[in-house]
Each structure stands twice: as structure tokens, then as C-alpha cells.
Amino acid sequence: PKAFPILLMGLITASAAYLTIRPAIMFEPVELGWTKHLVVKLALCAVALTLYALVFEWLGFIVATLLMTIAVGKLFHGKTIPVLVTGLVLSMSTYYMFDRFLDVPLPLGFFG
47 PKAFPILLMG LITASAAYLT IRPAIMFEPV ELGWTKHLVV KLALCAVALT
97 LYALVFEWLG FIVATLLMTI AVGKLFHGKT IPVLVTGLVL SMSTYYMFDR
147 FLDVPLPLGF FG
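Residue numbers for the sequence shown follow our numbering, so the first one is 47 and each next one is one higher.
Spelled out as C-alpha cells, the structure:
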């Protein structure tokens with residue numbers, strides 16, 4: 047089992063290196079259309095992901111995932127009730143899947 051993640055990491059690293067240094071003459075430049083507003087949203091999303099990683103063990107998987115889902119949903123102008131319902135369903139169903147089917151222990155935080 048140890049060889050597969052290492053092989054996968056090597057392939058991903060090689061692909062990223064190729065995409066970074068590939069010759070520009072082979073490909074046309076692509077205009078991404080990034081606006082200041084979009085860059086701010088992406089930066090806030092990165093901050094939310096960082097906070098998620100920092101509070102994951104302390105709050106536990108379910109609460110941290112719920113808060114992350116709500117933050118990203120509201121960041122991209124989701125309506126409050128659907129964002130809350132989606133966050134609850136996502137956090138609880140993925141916890142159940144990891145716990146029951148994949149046998150991966152996830153932190154419960156202050157619930158455990």
C-alpha cells in the first residue's frame with residue numbers, strides 16, 4: 047500500500063512540473079478573465095480552507111465541515127437555508143461513509 051501513494055505523488059509532481067515549464071510556443075495563452083472580485087473570493091476561500099485545517103481536530107469533522115460548507119456557500123452567494131441543509135447533509139453523510147464503509151477514524155472534537 048505504501049508504493050501507490052508514492053507513485054501517485056511522483057506522477058502528480060511530474061505533471062505539475064511539466065505544466066509549469068512547458069514551452070509557451072506550443073500552446074496559445076489563455077485569458078482566464080480573473081477580476082479583482084474573483085481573486086478576493088478565491089483568497090477568502092483559501093483562508094477558509096486554512097481555518098478548516100486548523101480547527102479540524104479541535105472542533106471535529108462534523109462541525110468543522112459544516113462550518114466550512116456554510117462559509118464557502120455564503121461566500122458564493124448561496125441562500126441560507128439550502129446552505130445549512132447542504133452543510134448538515136454533507137458533513138454527516140461523509141462522516142458516516144468514512145466511519146462505516148472506509149473504516150477511517152475521524153476526530154469527533156468536543157463530541158467525543
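Each residue gets a CB set at the ideal place from its N, CA and C atoms; glycine is no exception. Please read these numbers as outputs of a predicted model, since none were measured by experiment.
Closest in C-alpha terms to F156, from the list L57, Y141, L105, L121, comes L105. Contact annotation, L152 with F144: C-beta distance approximately 5 Å; criterion of less than 8 Å satisfied. The DSSP assignment places complete alpha helix (DSSP H) segments of no fewer than 4 residues inside the segment 63-114 at 82-105, in order along the chain. Between V109 and K120, the C-beta spacing is not below 8 Å. Counting along the chain, no alpha helix (DSSP H) covers V150, and no H or E run does either.
Only buried fits I116, as 16 or more other CB atoms lie within 10 angstroms of its CB. Per DSSP, reduced to three states, the secondary structure at K48 is coil, with no helix or strand assignment. Taking C-alpha positions only, L113 is separated from F107 by approximately 10 Å.
Here T111 is near L136, since their CB atoms are less than 8 Å apart. Taking the CA atoms as reference points, L53 sits about 42 Å from K125.
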